[in-house]
Structure formats: structure tokens, C-alpha cells
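Protein chains in written order, with the numbering used here: chain H, 41 to 258; chain A, 28 to 779.
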């Protein structure tokens with residue numbers, strides 16, 4: 041059992057956990073922050089996405105110990121009080137959800153994208169979001185929501201007081217077959233802005249800490 | 028079309044239904060005798076036990092209701108027997124409970140004017156929590172935020188067979204409108220009594236009753252104060268016609284959307300209780316495997332609770348990691364029989380027919396005219412075979428349940444489309460009366476027909492009983508891919524005959540295993556033989572969004588295209604020539620217009636269509652593809668859908684469902700297929716099973732044919748069925764290659 045210090049949504053936590061424990065498990069099981077979802081356990085669906093130092097990262101394949109001391113933001117920490125983040129608001133306005141199980145991961149990935157690229161084109165949005173799955177198929181609405189949020193955020197940055205016009209719908213790219221199973225998603229992950237590969241590497245390193253059983257109860 | 032109309036009756040003279048339902052038949056999980064997963068799962072139990080009814084004695088105990096709900100105004104909705112049988116199924120309420128079996132919903136307005144509606148339907152992403160709230164708000168004239176829906180809670184809501192088959196909108200939406208209208212009339216009556224005036228002078232608006240002559244008003248809360256008024260749904264309850272709707276008919280976002288974008292909503296897998304442990308189940312290495320030896324000593328030495336009950340072996344522990352470690356420490360030997368692989372699938376289905384029936388569709392066999400004579404006389408004949416593979420639902424939230432025992436009383440929070448069905452399964456598994464089982468269904472992370480069963484509920488309950496504390500079981504993605512059930516694979520043979528002018532004269536259709544839903548042809552064909560053949564099948568199979576209608580429409584609408592080409596007719600013209608149904612013609616024509624059918628093609632471009640009638644809705648889907656024969660790339664550029672589901676309740680919600688159907692449908696049409704061999708799933712991970720992603724989505728255009736003169740019907744399934752044939756026909760149009768198996772291009776278009 042190791043003692044891991046985590047900074048989540050501007051709060052400090054000390055968690056007693058096996059150092060192999062994933063960040064997602066720490067969030068959900070130890071801290072009862074259940075807004076980040078389990079969807080696949082291998083970083084292929086994006087439901088577990090959180091921000092680490094502002095960048096999207098798959099918490100299910102990130103070892104909690106590897107992000108100790110870094111700034112972690114989960115969906116629960118995105119709004120400022122009652123004021124929603126523009127991306128959250130845009131998802132509501134556009135109705136970019138059905139069952140909404142993917143929504144927190146989608147929103148976190150989109151926030152990360154807009155931080156890096158405040159005016160993404162439609163195809164840049166598609167590329168950046170390719171690692172997030174919405175099984176209900178609300179993708180076109182999610183793209184629209186991200187475009188709307190981008191406009192709102194640009195406007196507030198420019199202090200113009202009104203949203204910049206949203207780029208007109210360009211022809212959307214269609215299904216391309218082949219690639220094989222999810223190769224596009226893998227490619228998207230590889231070039232993702234997160235420290236995903238690095239996180240996997242750190243997973244392999246630090247096995248020195250004694251592994252102890254977690255006690256009964258929490 | 029079946030007559031779906033029904034009128035309401037008071038409870039006392041309302042006929043009851045058969046209490047001896049076979050509904051729970053699929054729930055054959057018995058501890059000590061079976062593995063943890065039933066191999067036979069009932070598919071959509073729509074046709075069960077509609078006939079017989081028995082008298083019952085009912086005495087609605089008002090005091091009970093008001094003790095539970097508080098003072099106010101209560102309206103109870105009762106279905107007429109025929110519909111009750113279909114919607115409410117075999118009532119599983121035990122004796123001694125004084126509720127009539129036909130109650131399908133009730134609405135209560137408390138002393139603060141807050142409206143609470145109780146329905147057994149559940150929210151799985153189809154957004155009925157919103158559309159049903161709209162229906163109530165419309166008729167009751169209250170703001171949306173004054174209304175709460177309690178859904179799918181077996182203690183608080185009336186029995187409901189389940190949320191599937193696109194039944195919520197045509198039945199529950201209408202019932203709730205009636206209930207709300209009755210409540211409104213009751214409130215107007217109270218105001219009239221208070222003011223000693225004629226109710227005709229009064230109107231309900233915006234949460235209050237107003238006197239048109241004097242303009243005085245009374246809030247609903249002031250009217251319900253101190254009241255204990257209960258009433259059954261009256262016979263006559265004129266509803267607001269769709270053309271005058273103000274709240275219904277509008278695009279309204281998820282009523283509790285804010286909880287979802289902030290992560291506050293708790294799905295079944297997010298449930299938590301003090302002292303809760305996490306459960307894991309030991310899985311056999313192959314389907315149907317049985318234990319031959321087991322050594323649990325090492326696991327039992329850990330800080331965990333270990334259970335062996337027959338072939339069920341599981342553990343619970345303070346953390347998931349500990350539970351996993353304990354399961355890994357169990358040494359088990361299994362024995363299993365050799366099983367077929369997906370390579371032998373279609374041969375096997377065709378060769379192993381059984382006497383079974385399909386409970387899902389509208390019938391297993393249809394005959395008209397004389398098929399043999401018509402075939403002999405036909406000038407053009409065509410015979411083809413179509414296939415569909417097994418596919419997985421892949422709900423993004425896997426199955427999950429949290430179970431807790433209080434003595435012999437069991438409470439389970441779980442994700443299911445059939446909370447009352449799961450209650451029955453739990454009662455049967457633990458041999459306790461259903462009154463002792465309480466199932467709650469928090470709005471869940473989708474189902475698509477894949478969560479009709481209660482596997483995790485039973486597992487969590489068994490582990491919780493052993494651990495003497497609450498236990499939560501959440502399946503991993505691999506477990507969900509392996510131990511849930513699949514959409515049935517199938518083989519469809521079609522033989523057809525036409526006269527020289529393209530009139531279809533003969534139609535013979537044989538479906539092996541995929542199911543009979545949507546099997547009947549809506550084209551005018553005088554001579555038909557349509558047969559569903561049950562077969563032995565290798566994987567656990569069950570319901571799926573649109574179920575067999577996808578396979579049957581794919582085969583029928585692909586074949587229609589092949590017939591059109593055989594007589595050198597335009598595929599649209601050919602369809603319309605053989606189609607009388609006015610609403611179906613209308614969607615084909617609307618979609619064709621929007622699509623620009625008949626325009627010139629660019630090289631490699633192809634246009635195709637598919638459509639039909641399913642779950643009371645009418646659909647036509649037109650697709651544009653781009654095919655590169657060199658690379659094998661197939662690109663879907665654009666999909667245009669025209670849909671008629673009667674009067675539209677929530678236009679954006681409806682568009683969302685249609686777009687989602689098309690996106691999800693792309694997967695099964697083009698690349699989704701379960702690979703299996705010898706009792707194992709070979710591609711049971713998200714990295715191995717391709718689902719549609721952002722880049723797969725074409726331009727999606729939707730035409731809503733808003734028929735305000737027609738009753739509103741469901742929209743979660745029908746829009747899916749036109750896509751696969753539209754894509755196949757478009758691929759043929761682009762390059763002359765006819766694809767007759769789903770998925771069509773899992774590895775691109777092979778070189779010819």
C-alpha cells in the first residue's frame with residue numbers, strides 16, 4: 041500500500057492505495073468521484089477522460105501514482121460553482137447526448153482540444169475526438185457542440201460580448217473501410233495530446249513500493 | 028395493421044388479465060444447478076399470453092395511497108385489458124396488494140403543487156423522461172420543472188413488462204396525457220366548487236386555474252391543499268390535438284441534462300453504499316463449460332468473501348483489485364464440449380432447424396395465394412441468399428448492479444430495460460416472494476435491447492448474501508462482450524417472380540434464426556410464402572434495437588433492388604409500382620426529393636435506397652457512397668432519412684434518435700461482427716471490435732414527416748432498418764458488386 045497525494049479539482053487528497061491502481065479506480069472507488077466512467081479499461085473509448093495539467097488523459101490506463109502532484113480535473117471540477125463551462129453549456133444547448141454515459145469523457149476531451157486549438161476545423165475536431173466513443177451515435181451533435189463552445193470561448197476571450205459566428209458545416213468525412221478494427225482510434229490516441237504513452241511507461245517502472253492489501257472499509 | 032386503439036375504463040369494470048403468465052420462463056437461473064448465465068434468454072416478450080383473462084377483486088385503498096404520497100390530487104391510469112396484456116404483461120404483484128393489475132401509471136399533485144408521475148418505463152438514453160414530462164406538462168398546463176418522473180422502481184411504480192419494442196410513445200405517452208388531462212379537470216372542478224361557479228367558465232394555464240370572466244386565479248397548490256382526491260381515468264377525456272400543442276411538439280433538451288454534463292447523475296455502476304464491497308465472478312473458459320475441480324483455499328485466505336454455489340464461483344472484497352486478485356488465485360478445472368466457429372455459422376444455422384417458435388415477431392408464417400403456381404408462371408425469376416452475423420450491443424455502460432439484503436428482503440439497483448423482469452429473476456433465483464425484492468433502475472448508460480436480463484443483479488445479490496454487506500458487481504468490457512447476449516445471426520433465402528412489366532407476382536421468404544420481426548412484406552404481392560425457421564444456434568442471443576427487422580429489411584430491400592435491375596427499372600419506380608401503402612410511399616418520395624434521386628453520378632459514386640414499416644413507423648433511407656475499387660475503400664458520404672412516426676412529440680429528440688439509429692446502424696451494416704470459435708469470443712474488446720466513431724459519420728439529413736393527424740409512435744428502432752440495404756444498393760450502384768452479407772465491408776471491398 042502506498043500513500044499517493046493527488047490534486048483533484050483544486051483539492052488535495054491523500055489516498056492509500058496499491059501503486060498499480062489506476063487513476064480511474066482511485067477516482068471512483070476511493071474518492072467516490074463517479075463522473076469519470078469505465079467503458080473499456082484499455083483507453084479505447086474515452087469515457088474515463090480527465091485533464092492532467094489541462095491535457096486530456098485516459099484515467100483507466102493512467103496509474104494514479106504517476107500523476108501525483110499534478111493538477112487533475114474531472115468533470116465534477118469543470119463548472120465554476122453554478123456556472124457551467126462553455127463546453128458543458130454547449131452540450132446542453134445542442135442536445136449532444138442520449139444516454140450521456142460518454143458525455144463527461146467527451147466534454148473533457150473537447151475542453152482539452154479547445155485549449156490547444158481554439159478554432160478547430162470540423163476535421164480537426166473529428167481527428168481529436170476519434171478516441172471517444174458514443175454508442176448512441178450523437179457524433180454530429182457533439183461536433184456542433186464543440187463548434188458552438190469554441191465560438192463562445194473565442195468571443196469571451198475577444199471580449200466582443202457575442203459569440204463569433206460558427207464555421208459553416210463543411211462536407212463531413214464518411215466511413216472509410218478498411219482500416220481494421222479501430223486503427224483510427226489508436227492513431228488518434230497515439231497523437232493525442234495526453235501523456236498516454238508516458239503514463240503507460242511509468243506503469244512499468246515503479247514497482248518498488250510494497251504492495252499491501254487495502255483495509256476493510258474506507 | 029392491428030387495431031391499437033383502446034379506451035379507458037374504470038377499475039371496477041375493467042377486465043383483468045391472465046395471472047398465469049409464462050413471462051418469467053426465461054429466468055431459469057437456479058443456484059446450485061446452473062452456471063451463472065442462462066443460455067436461453069427470452070427475446071422480446073411481446074406476444075406472451077394476450078388472450079385469457081381472469082376476474083379480480085380490486086379496492087383501491089385511498090388511504091394507503093395518500094399515506095404514501097401525501098395529500099393532494101391523485102389520478103390513476105388503467106389500461107384496457109388488451110393493451111394491458113401487452114404492456115403490463117403478467118402482473119407480478121403478489122396477492123394481498125390491492126392494486127389492480129391494469130394500472131400502468133399514476134400521477135399525484137401534492138400540496139405544494141409539485142407533480143409526480145409514476146411509471147414502470149425506464150430511461151436508457153431514448154429520452155422518454157423528457158418526452159413523457161412534456162406530455163404531462165402539455166395537458167396539465169404546468170411548467171416542466173414542476174414535474175418529476177419516478178421510473179422503473181418496482182416498489183413505487185406500477186408493473187411494466189419492460190421498455191422495448193418502441194412501445195413507450197404509442198402507449199405510455201398517450202396514457203400520461205390522459206392522466207394529466209384528468210388531473211387538470213379535477214383541479215378545475217375544485218376551483219369551480221370553491222368559487223361556486225360553472226367549471227365551463229374556468230381555464231387551466233401555467234400552474235393555476237383562471238376564471239375567464241373575473242380573471243381571478245387559484246394556484247394548483249392552493250387547490251390541492253388538504254385534499255385527498257383520488258380518481259380513475261375517466262372514459263371521456265378529450266386531449267389537446269397535436270396541432271394545438273404548446274409544450275409537446277417542441278424541441279426540449281433532456282429535462283435533467285445538467286446532471287449529465289456535470290457528472291452528478293449516478294448511473295447504476297456509480298451507485299454506492301456504506302460498507303459496500305466489490306464483486307467478481309469466476310468465468311469459465313468456454314460457453315457451457317462445467318467445473319470438474321476447484322481449489323479456493325488460497326482465495327479464502329485473503330480478506331475476501333468467497334462463494335461457491337454449483338458452477339457459480341465468485342468473490343467480493345473491499346476493492347475491485349482485491350476481488351480480482353482473489354478470483355485469479357482460484358484454481359479451477361473446466362470441461363467443455365467442442366463448439367462451432369463463425370466460419371461454419373451459416374451452414375450450421377440452415378442445417379439445424381428445430382421446431383421452436385419465435386416469440387418476438389408477429390407470427391412465424393404467412394401464406395397468400397399460390398406461390399408454386401405463381402413462380403411457375405413468372406416471366407422473371409430470382410433467387411438469392413442473404414446473411415447477417417452476430418453483433419454485440421456494446422452499451423457504453425456495462426451491466427452493473429448493487430445489491431443489499433435486510434434479513435430476507437433484497438434491494439437491487441441495476442441497469443435493465445425490465446426492472447420487473449429482473450425482480451422475477453431474483454425472486455426465482457433466491458426462492459423468495461417477489462414482494463421481498465425491490466429493484467430500482469437509475470437512468471442507465473444505454474441498452475439497445477441488450478439489457479433485458481438481470482445477470483449482475485443475481486451475481487451481486489448472491490455475493491452480498493455471503494458477504495453480509497452490500498456488494499456491487501460491474502462487468503468489465505470483456506465480460507459484457509462475452510457473457511451478455513448477442514443480436515441473432517441469420518440466413519435468409521428469397522425467391523421471387525415478376526411479370527414482364529415489373530409487377531411482383533410471387534414472393535417466397537425463409538428466415539433461419541434471425542427472427543420474424545419485420546418479416547412480412549409491405550409490397551403488394553398476391554402470392555406469398557414467408558416462414559421463420561427456428562434453428563440450433565451457437566451463441567446466447569436475444570433482443571437488439573430493431574432486432575430481426577434489420578436483417579429482414581436488408582434482405583427484402585436488397586432483393587427489391589436486384590429485381591428492379593433484372594427488369595431494368597429504376598429502383599424507386601419499381602418500388603412505387605408495387606407499393607400501395609400511402610404513408611410508406613410518402614416517405615420514399617420525401618426522401619427521394621431531399622436526396623435528389625435521379626441526378627447524375629460521378630465516377631465511383633453510387634446511390635441506393637431502403638425502407639419499410641416497423642414498430643408502427645414508416646422509414647425511407649437514401650445513401651450516397653463513394654467506392655474506390657483499387658484500394659477497396661468504401662466511403663459513405665451522405666444519408667438522407669425520411670421518417671413518419673405520427674405526430675412528432677419532440678422534433679430535436681426525434682432527429683437525435685434518427686441520427687443515432689443511422690450511426691449505430693452503420694456498424695452492423697459495414698463492419699461489426701462477433702468472431703467466435705469453440706465456445707470463446709475472439710474479439711471481445713473495444714480494441715478488437717470496431718464500433719462507429721466520429722470519422723465514420725457521413726452527412727446526415729433528416730426529413731420529419733410530422734403527421735399531426737396520426738397517433739404518435741416510437742422512434743428508437745424503425746429508423747435503423749433502411750440503412751443497411753440503402754448502403755448495399757448504393758455500393759452495387761457504384762461498382763456493380765452485390766453484397767448480400769452483413770457486415771458488408773469489414774475489410775473493405777475485396778478485389779474482384
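Backbone N, C-alpha and C fix where the C-beta goes; we use that ideal spot for every residue, glycine too. Everything numeric in this text was worked out from a predicted model, so none of it was measured.
Original post:
When DSSP labels each residue in this structure, what does residue 254 of chain A get in the three-state scheme?
Top reply: Looking at residue 254 of chain A - three-state DSSP - the assignment turns out to be coil, as it is neither helix nor strand.
**OP:** Tell whether a beta-carbon distance below 7 Å holds between residue 665 of chain A and residue 726 of chain A.
**Re:** yes
Subject >> Chain-ordered residues of the segment 718 to 732 of chain A with a beta carbon less than 7 Å from chain H >> reply: Flagged, chain order: 718, 719, 720, 721, 722, 723, 724, 725, 726 and 727.
**OP:** Determine which residues share a DSSP beta bridge with residue 62 of chain H and list them.
**Re:** H:103
**OP:** Using alpha carbons as the reference points, say which of A:373, A:90 and A:339 lies closest to residue 518 of chain A.
**Re:** A:373
**OP:** Indicate whether the contact test is met: 3 or more Cβ pairs, each with one atom in the segment 97 to 108 of chain H and one in the segment 60 to 80 of chain H, closer than 8 Å.
**Re:** Touching, per the Cβ criterion.
Subject >> Within 8 Å of chain H by C-beta, residues of the segment 673 to 689 of chain A in sequence order >> reply: 679, 680, 683, 684, 686, 687, 688 and 689
**OP:** Using three-state DSSP, classify residue 762 of chain A as helix, strand or coil.
**Re:** DSSP places residue 762 of chain A within a helical segment (H, G or I) once states are collapsed to three.
Subject >> residue 757 of chain A versus A:702, A:718, A:705 and A:624, residue with shortest Cα-Cα distance >> reply: A:624
Original post:
In chain H, what lies closer than 9 Å to residue 504 of chain A by C-beta?
Top reply: Those are 78, 79, 80, 81, 82, 84 and 85, listed as they occur along chain H.
Original post:
Should residue 713 of chain A be flagged as near chain H, meaning a C-beta pair shorter than 7 Å?
Top reply: Interface residue, yes.
Original post:
Any C-beta of chain H sitting closer than 7 Å to the C-beta of residue 348 of chain A?
Top reply: The beta carbon of residue 348 of chain A sits closer than 7 Å to some beta carbon of chain H.
**OP:** Could you check the C-alpha separation between residue 783 of chain A and residue 72 of chain H for me, to the nearest Å?
**Re:** With chain A covering only 28 through 779, there is no way to say anything about residue 783 of chain A.
Subject >> Cβ neighbour criterion (16 or more within 10 Å) applied to residue 605 of chain A >> reply: Buried, since its Cβ has 16 or more Cβ neighbours within 10 Å.
Subject >> Any 3 or more C-beta pairs closer than 8 Å across the segment 515 to 530 of chain A and the segment 402 to 421 of chain A >> reply: In the pairwise beta carbon analysis, the segment 515 to 530 of chain A is classified as touching the segment 402 to 421 of chain A: at least three pairs are separated by under 8 Å.
Subject >> Buried or exposed (CB count within 10 angstroms, at least 16 for buried), residue 458 of chain A >> reply: exposed
Original post:
Quick one, which residues of the segment 147 to 176 of chain H are near chain A if we go by CB-CB under 7 Å, in chain order?
Top reply: Using a CB distance below 7 Å, the part of the segment 147 to 176 of chain H facing chain A consists of 147, 166, 169, 170, 173, 175 and 176, ordered along the chain.
Original post:
From this set, H:146, H:44, H:148 and H:184, which residue's C-alpha is nearest residue 58 of chain H's C-alpha?
Top reply: Selected option, being the one with the closest Cα: H:44.
Subject >> Run of the beta strand (DSSP E) containing residue 485 of chain A, from where it starts to where it stops >> reply: Unbroken run through residue 485 of chain A is the alpha helix (DSSP H), 482 to 494; no beta strand (DSSP E).
**OP:** Please check the pair residue 653 of chain A and residue 638 of chain A, which I expect to be a contact at CB under 8 Å, by giving their CB distance rounded to whole angstroms.
**Re:** Contact doesn't hold; Cβ gap of about 22 Å is too wide.
**OP:** Look at the alpha carbon of residue 167 of chain A and the alpha carbon of residue 465 of chain A, and state the distance between them as a whole number of angstroms.
**Re:** Answer to the nearest angstrom: the Cα atoms are 31 Å apart.
**OP:** Kindly say whether residue 132 of chain H, judged by its beta-carbon, lies nearer than 7 Å to any beta-carbon of chain A.
**Re:** yes
Subject >> Top-ranked residue by Cα proximity to residue 226 of chain A, from A:233, A:240 and A:234 >> reply: A:240
**OP:** Can you grab the Cα-Cα spacing for the pair residue 430 of chain A / residue 482 of chain A, in whole Å?
**Re:** 12 Å
Original post:
Touch check for the segment 693 to 707 of chain A and the segment 761 to 775 of chain A: three-plus C-beta pairs under 8 Å?
Top reply: yes
**OP:** Would you list, in chain order, the members of the segment 283 to 302 of chain A that have their beta-carbon closer than 8 Å to a beta-carbon of chain H?
**Re:** Listed by position along the chain: 284, 285, 287, 288, 289, 290, 291, 292, 293, 294, 296, 297, 299 and 302.
**OP:** Measuring only between beta-carbons, confirm whether residue 116 of chain H sits less than 7 Å from chain A.
**Re:** yes
Subject >> Cutoff 7 Å; reference residue 227 of chain H; Cβ partners in own chain excluding five residues on either side >> reply: At residue 227 of chain H the pLDDT is 44, less than 50, meaning the model places this residue with poor confidence; the figure from the coordinates comes in the next sentence. Within the same chain, residue 227 of chain H has no close Cβ partners at all.
**OP:** Could you confirm whether any beta carbon from chain H is found closer than 7 Å to the beta carbon of residue 280 of chain A?
**Re:** yes
Original post:
residue 306 of chain A lies in the beta strand (DSSP E); which residues open and close that run?
Top reply: 304 to 308
Subject >> Residue closest to residue 126 of chain H, alpha-carbon to alpha-carbon, out of H:109, H:152 and H:93 >> reply: H:152
Original post:
Nearest chain A C-beta to residue 140 of chain H closer than 7 Å, yes or no?
Top reply: The beta carbon of residue 140 of chain H falls within 7 Å of a beta carbon belonging to chain A, placing the residue at that interface.
Original post:
Straight-line CA distance for residue 444 of chain A to residue 627 of chain A?
Top reply: 46 Å
Original post:
Of the choices A:591, A:671, A:761 and A:231, whose alpha-carbon is the least far from that of residue 242 of chain A?
Top reply: A:231
**OP:** Mind listing, in chain order, the continuous beta strand (DSSP E) runs of no fewer than 3 residues lying wholly within the segment 655 to 716 of chain A?
**Re:** 660 to 671
**OP:** Could you spell out the range, first to last residue, of the alpha helix (DSSP H) harbouring residue 187 of chain H?
**Re:** First-last of the alpha helix (DSSP H) with residue 187 of chain H: 179 to 198.
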